[in-house]
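Everything on this sheet refers to the single structure shown next.
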Amino acid sequence: MNEIQRNCYLNETSGVCQVLMLSIPPVPSDTDTVYTQIMAAVEQIHVRLRHLKTEYLSGKTGCWEVVQQTIFLKDYAWRDACQEMMRDFYKERVPVNIYVPQSPCDGQMVAIEAIIIFREEGMTSVEYHGEDMVISRHDGMSWYFCRQQDPDNPQEDVYTQSLASFQKLRENFLKEGVPFQNVIRIWIYLGNITEEVYHEKEGKTQRYKELNRARSDFFRGIPFFEGLLPEHYHGPKYPASTGIGGTGDCVVIGALGVMAEEPGKVQVVPLENPQQVPASAYGEEYSRKSPKFSRAMAVSVEGRGGERNGIIFVSGTASITDAESKYEGDPVLQTELTLENIRVLIHEENLAAHGMPGLGCELDQMAMIRVYIKHEQDYEIIKGVCDRLMPNVMKLFTFSDVCRPELLVEIEGMAFTQTRNSE
Ligand code: 3EB
């Protein structure tokens with residue numbers, strides 16, 4: 003594999019071409035600053051895109067549009083300067099930039115995970131609606147990339163901050179006519195996630211548990227995925243999610259919504275893992291209000307030749323069987339169980355059981371994973387397991403705290419799948 007193939011995943015279907023890319027600058031030298039690191043990362047994205055255009059898309063008219071960048075920053079104080087650089091670079095087409103206070107594991111100051119769409123005339127449109135929302139439309143459906151970068155009420159407690167963030171996020175979607183029930187994937191970056199806090203009524207609790215309480219209150223009564231589910235689906239209905247730590251007191255949310263423009267073309271289904279209790283059914287010992295998320299979301303879109311194209315968004319996954327953490331203190335076994343959980347989750351058998359036959363895949367066919375690592379000393383070990391079990395998958399490693407104290411690693415990711423043409 004060459005450098006570009008290793009850090010790009012290109013998914014070309016009959017209706018659209020999407021690219022996932024990891025742009026990680028060189029390990030900084032003495033003369034590097036956050037500016038040189040960010041410029042190196044952004045320029046690298048565009049050098050690779052030019053290469054991809056000549057390599058794979060020659061003959062097509064259109065251009066690349068970077069719709070979302072998740073920007074991992076070693077120091078969150080760089081966020082505003084970084085956003086200024088993005089404005090200068092992208093001008094009137096600034097992607098939804100989600101700034102995450104987590105350090106890349108090889109010592110870089112920054113790392114970028116980018117979602118890119120090839121805007122082809124008559125096939126795809128991409129609209130930039132301010133810095134918090136980008137919409138891409140193709141295949142009879144629309145994708146809404148959205149962010150909620152930190153609350154305006156930092157003086158308040160984490161419950162109030164989280165609830166306000168969710169409410170702002172809902173407003174961002176409603177401005178575009180998207181009800182919150184159409185949000186399928188959420189990322190929540192919560193600073194000091196395991197820190198104990200005290201609440202008048204709750205007593206001694208934890209920042210993560212207070213987030214769960216806010217999320218439960220906010221989600222109550224939302225008829226998630228109405229009109230988009232397979233006919234006989236009766237399981238829990240919540241978006242896929244990552245709830246993960248970060249430095250400082252941040253509450254940063256990224257979210258992805260979908261709308262079907264042509265009825266019947268799009269289906270979504272929340273996936274549960276037969277080896278795990280649904281998170282929404284966890285007992286009170288983990289969090290008085292359980293975490294409301296599904297283990298993954300599968301989206302199925304009808305292609306031009308009658309085939310169905312699948313995208314699976316895998317939630318943050320950890321070393322948990324049933325509802326219990328396993329292999330306390332052992333990063334190798336925790337990583338192996340985490341990847342086994344993902345393997346079972348995205349396997350054809352599980353997709354078929356959830357009403358989406360033909361759209362499953364194997365672990366090593368995933369497009370990418372993000373690996374959140376709690377302790378610096380576990381990085382090489384955890385990376386070793388991931389490289390062994392998924393040698394062909396693009397991977398991003400960052401240091402961050404995980405919500406349960408005993409969990410050493412959490413892994414999320416995406417997979418693109420396709421049914422064989424039925425004709
Ligand atoms: C777990 O399986 C690990 O609260 O949104 C993973 C993914 C976890 C998402 C969330 C929490 C969340 O329970 C923790």
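The sequence shown: position 326 = 328 (the working numbering), numbered continuously. Here a beta-carbon is modelled for each residue, glycine too, at the ideal position from N, C-alpha and C.
**OP:** Please check the pair A300 and L353, which I expect to be a contact at CB under 8 Å, by giving their CB distance rounded to whole angstroms.
**Re:** Walking along the sequence shown from the start, residue 300 turns up at place 298. Walking along the sequence shown from the start, residue 353 turns up at place 351. Contact between A300 and L353 holds: CB atoms are separated by about 6 Å, below the 8 Å threshold.
Original post:
Would you say the beta carbon of Q167 comes nearer than 7 Å to a heavy atom of ligand 1?
Top reply: Here residue 167 refers to the residue found at position 165 when the sequence shown is read from its first residue. Strictly speaking, residue 167 in this sequence is Ser, with Gln absent from that position. S167 Cβ: outside cutoff for every heavy atom of ligand 1.
Original post:
Should C107 be counted as a contact of ligand 1 given a C-beta to heavy atom distance under 7 Å?
Top reply: For the purposes of this step, residue 107 is identified with residue 105 of the sequence shown, where counting begins at 1. Not so, every heavy atom of ligand 1 lies at least 7 Å from the Cβ.
Subject >> Whether L347 touches V395 by CB criterion (8 Å) >> reply: On the sequence shown, residue 347 is found 345 positions in, with the first residue counted as 1. On the sequence shown, residue 395 is found 393 positions in, with the first residue counted as 1. With respect to V395, L347 sits apart: the two C-beta atoms are not nearer than 8 Å.
Original post:
What's the call for P293, buried or exposed, on a 16-neighbour Cβ count within 10 Å?
Top reply: In the sequence shown, residue 293 corresponds to position 291, counting from 1. Per the 10 Å Cβ criterion, buried.
Original post:
According to the neighbour-count rule (16 or more other Cβ atoms, all chains shown, within 10 Å of its Cβ), is H236 buried or exposed?
Top reply: Residue numbering aside, residue 236 sits at position 234 when the sequence shown is read from its first letter. With fewer than 16 neighbouring CB atoms inside 10 Å of its own CB, H236 falls in the exposed class.
**OP:** Give every residue of the same chain whose Cβ lies closer than 6 Å to the Cβ of R406, excluding the five residues on either side of it in the sequence, and list them in chain order.
**Re:** The residue given as residue 406 occupies position 404 in the sequence shown. Once the five neighbours on either side are set aside, the close Cβ partners of R406 are S327.
**OP:** Can you tell me the Cβ-Cβ gap for P241 and S289, rounded? I've got them flagged as a contact below 8 Å.
**Re:** Walking along the sequence shown from the start, residue 241 turns up at place 239. Walking along the sequence shown from the start, residue 289 turns up at place 287. The C-beta separation of P241 from S289 comes to about 17 Å, leaving the pair out of contact by the 8 Å criterion.
Original post:
Any heavy atom of ligand 1 closer than 7 Å to the Cβ of M371?
Top reply: Position 369 of the sequence shown holds residue 371. Contrary to the premise, residue 371 reads as Ile rather than Met in this sequence. In terms of side-chain proximity, the C-beta atom of I371 is found no nearer than 7 Å to any non-hydrogen atom of ligand 1.
**OP:** Keeping to the same chain, check which residues put their C-beta closer than 6 Å to that of A262; ignore five residues upstream and five downstream.
**Re:** Stepping through the sequence shown from its first residue, residue 262 is reached at position 260. Taken in chain order, the residues that qualify are M143 and V268.
**OP:** Round the Cβ separation of N343 and Q278 to the nearest angstrom and send it over; I've been treating them as touching at under 8 Å.
**Re:** Residue numbering aside, residue 343 sits at position 341 when the sequence shown is read from its first letter. Residue numbering aside, residue 278 sits at position 276 when the sequence shown is read from its first letter. Confirmed, about 7 Å.
Original post:
Mapping DSSP to helix, strand and coil, what is H201?
Top reply: Position 199 of the sequence shown, counted from the first residue, corresponds to residue 201. Strand.
**OP:** Specify the secondary structure class of N394 as computed by DSSP and reduced to three states.
**Re:** In the sequence shown, residue 394 corresponds to position 392, counting from 1. Correct three-state label for N394: coil.
Original post:
The beta strand (DSSP E) spanning P2 covers which residue range?
Top reply: Nothing about residue 2 can be reported from this structure: the residues present for the chain run from 3 to 425 only.
Subject >> Cα-Cα separation between T421 and E309, rounded to whole angstroms >> reply: As a working mapping, residue 421 is identified with position 419 in the sequence shown. As a working mapping, residue 309 is identified with position 307 in the sequence shown. Each residue's alpha carbon lies about 6 Å from the other.
Original post:
Taking P27 as the reference, which of I47, V18 and Y11 has the closest Cα?
Top reply: Sequence index remark: in the sequence shown, residue 27 carries index 25 (1-based). Of the listed residues, the one whose Cα sits closest to P27 is I47.
Original post:
What beta strand (DSSP E) runs, 3 residues minimum, are completely inside the region 168-247?
Top reply: Runs of the beta strand (DSSP E) inside the region 168-247: 185-193, 198-201 and 205-208.
Original post:
Taking the alpha-carbon positions, what's the V271 to R187 distance?
Top reply: Indexing the sequence shown from 1 puts residue 271 at position 269. Indexing the sequence shown from 1 puts residue 187 at position 185. C-alpha separation (whole angstroms): 12 Å.
Original post:
What distance in whole Å lies between the Cβ atoms of S16 and G307, which are believed to be in contact at a cut-off of 8 Å?
Top reply: Here residue 307 refers to the residue found at position 305 when the sequence shown is read from its first residue. Here residue 16 refers to the residue found at position 14 when the sequence shown is read from its first residue. So it is a contact: roughly 6 Å between Cβ atoms.
**OP:** Using 10 angstroms around the beta-carbon of H140, count the other beta-carbons present and answer buried if the total reaches 16, otherwise exposed.
**Re:** For the purposes of this step, residue 140 is identified with residue 138 of the sequence shown, where counting begins at 1. Buried, by the Cβ-count rule.
Original post:
If we call anything under 8 Å between Cβ atoms a contact, is I73 one with V49?
Top reply: Here residue 73 is taken as the residue at index 71 of the sequence shown, counted from 1. Here residue 49 is taken as the residue at index 47 of the sequence shown, counted from 1. Not in contact: I73 and V49 (Cβ atoms no closer than 8 Å).
Original post:
Helix, strand or coil for A325 per DSSP?
Top reply: To locate residue 325, count along the sequence shown from 1; it is residue 323. In this structure, A325 counts as coil in the three-state DSSP scheme.
Original post:
When every heavy atom of ligand 1 is checked, does at least one fall within less than 7 Å of the C-beta of I322?
Top reply: Your numbering for residue 322 matches position 320 in the sequence shown. For I322, the distance from the CB to the nearest heavy atom of ligand 1 is below 7 Å.
Original post:
For ligand 1, is there a heavy atom less than 7 Å away from the beta-carbon of T244?
Top reply: The count along the sequence shown starts at 1 and reaches residue 244 at position 242. Yes - ligand 1 has a heavy atom lying nearer than 7 Å to the Cβ of T244.
Subject >> Any non-hydrogen atom of ligand 1 closer than 7 Å to C252 Cβ >> reply: Start at 1 with the first residue of the sequence shown, and residue 252 comes out as number 250. No.
Subject >> Cβ-Cβ distance between V411 and P333 below 8 Å >> reply: To locate residue 411, count along the sequence shown from 1; it is residue 409. To locate residue 333, count along the sequence shown from 1; it is residue 331. In contact: V411 and P333 (Cβ atoms closer than 8 Å).
Subject >> Nonlocal neighbours in the same chain, by C-beta distance under 6 Å from G360, ignoring five residues either side >> reply: Residue mapping note: residue 360 aligns to position 358 of the sequence shown, counting from 1. Once the five neighbours on either side are set aside, the close Cβ partners of G360 are T421.
Original post:
Does DSSP put E425 in a helix, a strand or coil?
Top reply: The residue labelled residue 425 in the question sits at position 423 within the sequence shown. In this predicted model, E425 has a pLDDT of only 43, less than 50, meaning its place in the structure is not dependable; the value taken from the coordinates is given anyway. Coil at E425, not helix or strand.
Subject >> Rounded straight-line distance, which links the Cα of L335 to that of E425 >> reply: Start at 1 with the first residue of the sequence shown, and residue 425 comes out as number 423. Start at 1 with the first residue of the sequence shown, and residue 335 comes out as number 333. Because E425 sits at a pLDDT of 43, beneath the cut-off of 50, its placement in the model cannot be relied upon, and the following sentence gives the value as read from the coordinates. Approximately 44 Å, taken between the alpha carbons.
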